[in-house]
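Heads up, the thing below is written out as structure tokens.
Chains as they are written, first to last, in my numbering: chain V, 84 to 556; chain S, 11 to 212.
Right under this line is the structure:
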């Protein structure tokens, strides 16, 4: 009998086509695009200097300033000395090593995972790395995009390659259609996925998101889904390219000139073979997804907006460690079991981050605030993902709509997603946030973060508490 | 890189699951541009009281564990942000080995680049180490000994083991052993699309 060649999944095809060498279980992968930001790169450039090395492919390397940038409007000023030093180090390093920089004051500056797609950097079938765990965002284009540590950043700068353990392919299949869009968003899908598979459920794997709900999503919605793969433990997540992917990339600065010729190859080759096997598969019915609100200090601690805060025993379901984690989380969050989520009142609202600060996110959120205003006592801010998103949003009148409703409309940056800049929560402040991590102290020491979609965040800003946005649209 | 061969001391128990790198080193300390000096910020929000004094309830402040190079952690240790600063803080504080039932992928890989050995143990082994007065982890022998428990073995990728034992410079090694293959790859498979450089794309 003639043996039948085993089919391969999408990520395996991309992986195999970039494998330069192997040693044991590790592959040396060639990197097509390397993105750099100010926080995880200074020690890597210093390492190059100490080793007397150069950047092997500055033409495949792009840098931007995002984490430390103050978003407070007017000319960008860095108000703290350490942040200024780190941003200056990036400027010096890029100048010395010949790396293109979208730095302070540059109209193309923005969050690294937002500007990459705007520049047309993530092409289907390519490999992209960045010293940042949310690099998986760019997997939405059918690219293998993953976060690396600073030593690996140095390795990529010097060799244009990275050593990786070969992960297993994991399938997350989302079928059906999202009900009541935009009140039920891509963010609610990925939070539901994390809730289902757990924060370590994807460890050692790369996720392929498939199914009719994923095909039905826009490219920007797919970016939101792929972005939070790391919150499920996966270093990367990806979606097979289709016509929407090609249209998104068309005309972008670094996309191929003859994109239709390139697209023919992408669309025929870059898909999981029918005979390919996934190591694990999960299924989610999109029609059953409700708006999600996190109640704890881990992205898996999430419930429907119509639920009540769970008891630790209920969350633990017999696992004493999980129960203890939930107890500690509720203590930190200042929440009592049994409290309806819609009774939880807010001090702050943050619409921004690499998860949810692209144009469609801002359109969805703005749709909720038209003719309404931010509740008294709530401070709400909107931070566009990039300067380009900011300009586009202003051209559509979104910036003015947010300001009219009482939101602060700011310059782009990572902002309050991680509070490495002046945008932070004070101890005890409670925030509805469209970011990706509700870890203790993530948005400021003692700050309490609830992860939600842009629509749910906007509605919460108006109501001063969580509301089921499905009732508003 | 500083080589690692063995570590011994009482295993410092930090038994919480899903400890993320934001807890290991909070973001306000990520602004240094060198690799050293992070130790004093390790577990900052748990280790110090609001007035800045050490919290006597936190295990790192327990004199019984002072100076031990072995951290005993819970499941999914090091999840979240890719920040290598987390490993630099552990190393700078004096931890050269971390034993846990599971690690987040990026953190696990970052350890090996900095002379820190992550050891995967079972939940049962972790519980037993917690009770043992002293633990020794030997990378050469691939064993964990914690009398009176019987010693047990652990697994590490052979290349990573050698790199840690010898303190190898991975960049130099890659260029030496695979430099020709990288050049050959570049010549036969140019990256798709135009290269991202304004100088080359016009």
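From the three backbone atoms N, C-alpha and C, an ideal C-beta is built for every residue, glycine too.
According to DSSP, what are the bridge partners of residue 165(V)? Working through the first chain from its first residue, we reach residue 165(V) at position 82. Answer is none; residue 165(V) lacks a bridge partner.
By the three-class DSSP mapping on this structure, what secondary structure does residue 208(S) have? The residue labelled residue 208(S) in the question sits at position 198 within the second chain. Low confidence applies here, because residue 208(S) scores a pLDDT of 40, under 50, leaving its location unreliable; read the following figure in that light. Per DSSP, reduced to three states, the secondary structure at residue 208(S) is helical.
Looking at the unbroken alpha helix (DSSP H) that takes in residue 442(V), where does it start and where does it end? Along the first chain, one-based indexing puts residue 442(V) at 359. That run of the alpha helix (DSSP H) goes 442-452.
Does chain S have any CB closer than 8 Å to the CB of residue 325(V)? Counting from 1 along the first chain, the entry for residue 325(V) is found at position 242. For residue 325(V), the answer is no, since every Cβ of chain S falls outside 8 Å of its Cβ.
Could you tell me the distance, in whole angstroms, from the CA atom of residue 305(V) to the CA atom of residue 103(V)? By one-based count along the first chain, residue 305(V) stands at place 222. By one-based count along the first chain, residue 103(V) stands at place 20. Each residue's Cα considered, the two are about 29 Å apart.
Taking the beta strand (DSSP E) that residue 249(V) belongs to, which residues open and close that run? Translated into the one-based positions of the first chain, residue 249(V) becomes position 166. Careful: residue 249(V) lies outside any beta strand (DSSP E) and carries neither H nor E.
Just the chain V side, please: which residues come within less than 9 Å of residue 184(S) by C-beta, in chain order? Numbered from its first residue, the second chain carries residue 184(S) at position 174. For residue 184(S), the chain V residues whose C-beta falls within less than 9 Å of its own C-beta are 104, 111, 238, 241, 242, 244 and 246, listed in chain order.
Go to residue 128(S), then tell me how far its alpha helix (DSSP H) extends in each direction, as first and last residue. What you label residue 128(S) is simply residue 118 of the second chain in a count that begins at 1. Taken as a continuous stretch (DSSP letters only), residue 128(S) belongs to no alpha helix (DSSP H), being part of the beta strand (DSSP E) at 127-130.
Start-to-end residues for the beta strand (DSSP E) that takes in residue 184(V): Against the first chain, residue 184(V) aligns to sequence position 101. Its beta strand (DSSP E) spans residues 183-185.
C-alpha distance - residue 147(V) paired with residue 223(V), whole-angstrom precision: For the purposes of this step, residue 147(V) is taken as residue 64 along the first chain, with counting starting at 1. For the purposes of this step, residue 223(V) is taken as residue 140 along the first chain, with counting starting at 1. Using only the alpha carbons, I get a separation of about 21 Å.
With DSSP as the reference, label residue 363(V) as helix, strand or coil. The count along the first chain starts at 1 and reaches residue 363(V) at position 280. Residue 363(V): strand per DSSP, three-state reduction.
Distance, residue 83(S) Cα to residue 147(S) Cα: As a working note, residue 147(S) is residue 137 in the second chain. As a working note, residue 83(S) is residue 73 in the second chain. Spanning the two alpha carbons is a distance of roughly 15 Å.
Mind pulling the chain V residues with CB within less than 9 Å of residue 192(S)? The sequence position of residue 192(S) within the second chain is 182, counting from 1. Close to residue 192(S), with beta-carbon spacing below 9 Å, are these residues of chain V in chain order: 103, 104, 111, 113, 139, 242, 243 and 244.
Could you run through the region 34-48 of chain S and flag, in chain order, every residue whose CB is less than 8 Å away from some CB of chain V? Those would be 36, 37, 38, 40, 41, 42, 43, 44 and 45, in chain order.
Suppose you measure from the CA of residue 325(V) to the CA of residue 246(V); what does that come to, to the nearest Å? Sequence index remark: in the first chain, residue 325(V) carries index 242 (1-based). Sequence index remark: in the first chain, residue 246(V) carries index 163 (1-based). Note on geometry: alpha-carbon atoms of residue 325(V) and residue 246(V) lie some 29 Å from one another.
Go through its chain and collect everything with a Cβ distance to residue 177(V)'s Cβ below 6 Å, but skip five positions before and after it. For the purposes of this step, residue 177(V) is identified with residue 94 of the first chain, where counting begins at 1. In its chain, beyond the 5 residues on either side, 146 and 184 have a beta carbon closer than 6 Å to the beta carbon of residue 177(V).
Do you know whose CA, among 195(S), 182(S) and 118(S), lies nearest residue 133(V)'s CA? Sequence index remark: in the first chain, residue 133(V) carries index 50 (1-based). The candidate whose alpha carbon is nearest that of residue 133(V) is 182(S).
Are residue 438(V) and residue 504(V) touching if we call contact CB-CB under 8 Å? On the first chain, position 355 is the one that residue 438(V) refers to. On the first chain, position 421 is the one that residue 504(V) refers to. Cβ atoms of residue 438(V) and residue 504(V): not closer than 8 Å.
Could you tell me which chain V residues have their CB closer than 7 Å to the CB of residue 169(S), listed as they occur along the chain? Looking up residue 169(S) in the second chain gives position 159. Here the neighbours are 106, 107 and 109.
Quick one: is the Cβ of residue 159(S) within less than 7 Å of any heavy atom of the ligand MN? Looking at this structure, you won't find the ligand MN or any other ligand, since it has none at all.
Tell me whether the beta-carbon of residue 228(V) lies closer than 8 Å to the beta-carbon of residue 277(V). Counting from 1 along the first chain, the entry for residue 228(V) is found at position 145. Counting from 1 along the first chain, the entry for residue 277(V) is found at position 194. Taking 8 Å as the Cβ cut-off, residue 228(V) and residue 277(V) do not qualify as a contacting pair.
What span of residues does the alpha helix (DSSP H) with residue 195(V) cover, start to end? The residue labelled residue 195(V) in the question sits at position 112 within the first chain. Taken as a continuous stretch (DSSP letters only), the alpha helix (DSSP H) holding residue 195(V) covers 195-202.
For residue 510(V) and residue 232(V), the rounded distance between their alpha carbons: For this step, residue 232(V) is matched to residue 149 along the first chain. For this step, residue 510(V) is matched to residue 427 along the first chain. In a straight line, the C-alpha of residue 232(V) is about 30 Å away from that of residue 510(V).
Applying the 10 Å Cβ sphere with the 16-neighbour rule, what's the burial state of residue 422(V)? One-based indexing of the first chain puts residue 422(V) at position 339. The residue is exposed, with fewer than 16 neighbouring Cβ atoms inside 10 Å.
Where does residue 198(S) sit, in a helix, a strand or coil, going by DSSP? Along the second chain, one-based indexing puts residue 198(S) at 188. In the three-state scheme derived from DSSP, where H, G and I count as helix and E and B as strand, residue 198(S) is classed as helix.
What separation, rounded to the nearest whole angstrom, lies between the Cα atoms of residue 211(S) and residue 186(S)? Residue mapping note: residue 211(S) aligns to position 201 of the second chain, counting from 1. Residue mapping note: residue 186(S) aligns to position 176 of the second chain, counting from 1. Reliability of the predicted coordinates at residue 211(S) is poor, the pLDDT of 36 falling under 50, and the value obtained from them is presented with this limitation in mind. Near 31 Å, if we compare the C-alpha coordinates of residue 186(S) and residue 211(S).
Which residues share a DSSP beta bridge with residue 30(S)? Position 20 of the second chain, counting from 1, holds the residue named residue 30(S). According to DSSP, which records beta bridges pairwise, residue 30(S) is partnered with 89(S).
Taking residue 552(V) as the reference, give the member of 538(V), 493(V) and 544(V) with the closest Cα. Residue mapping note: residue 552(V) aligns to position 469 of the first chain, counting from 1. The candidate whose alpha carbon is nearest that of residue 552(V) is 538(V).
Determine whether the beta carbon atoms of residue 49(S) and residue 103(S) lie at a separation below 8 Å. One-based indexing of the second chain puts residue 49(S) at position 39. One-based indexing of the second chain puts residue 103(S) at position 93. One thing to note: residue 49(S) has its Cβ within 8 Å of the Cβ of residue 103(S).
Kindly list, in the order they appear in chain S, the residues whose Cβ is closer than 7 Å to that of residue 147(V). By 1-based counting over the first chain, the position of residue 147(V) is 64. Within 7 Å Cβ-Cβ: nothing; residue 147(V) doesn't reach chain S, min ~12 Å.
Can you round the beta-carbon distance between residue 544(V) and residue 411(V) to whole angstroms, since I take them to be within the 8 Å contact cut? What you label residue 544(V) is simply residue 461 of the first chain in a count that begins at 1. What you label residue 411(V) is simply residue 328 of the first chain in a count that begins at 1. Wrong, their Cβ atoms sit about 28 Å apart, outside the cutoff.
Counting Cβ pairs, one atom from each stretch, are 3 or more of them under 8 Å apart for the region 152-162 of chain S and the region 528-537 of chain V? With a cut-off of 8 Å, the region 528-537 of chain V and the region 152-162 of chain S do not count as touching, because too few Cβ pairs lie within range.
How many Å lie between residue 72(V) and residue 18(S) at the Cα? No answer is possible for residue 72(V): the residues shown for chain V start at 84 and end at 556.
What would DSSP say about residue 25(S), mapped onto helix, strand or coil? The sequence position of residue 25(S) within the second chain is 15, counting from 1. Coil, per DSSP.
In terms of alpha-carbon separation, which member of 485(V), 310(V) and 125(V) lies closest to residue 274(V)? Against the first chain, residue 274(V) aligns to sequence position 191. Of the candidates 485(V), 310(V) and 125(V), the one whose C-alpha sits nearest the C-alpha of residue 274(V) is 310(V).
Residue span of the alpha helix (DSSP H) that contains residue 136(S), given as start and end: Looking up residue 136(S) in the second chain gives position 126. It spans 133-141 - the alpha helix (DSSP H) in which residue 136(S) sits, taken as one unbroken run.
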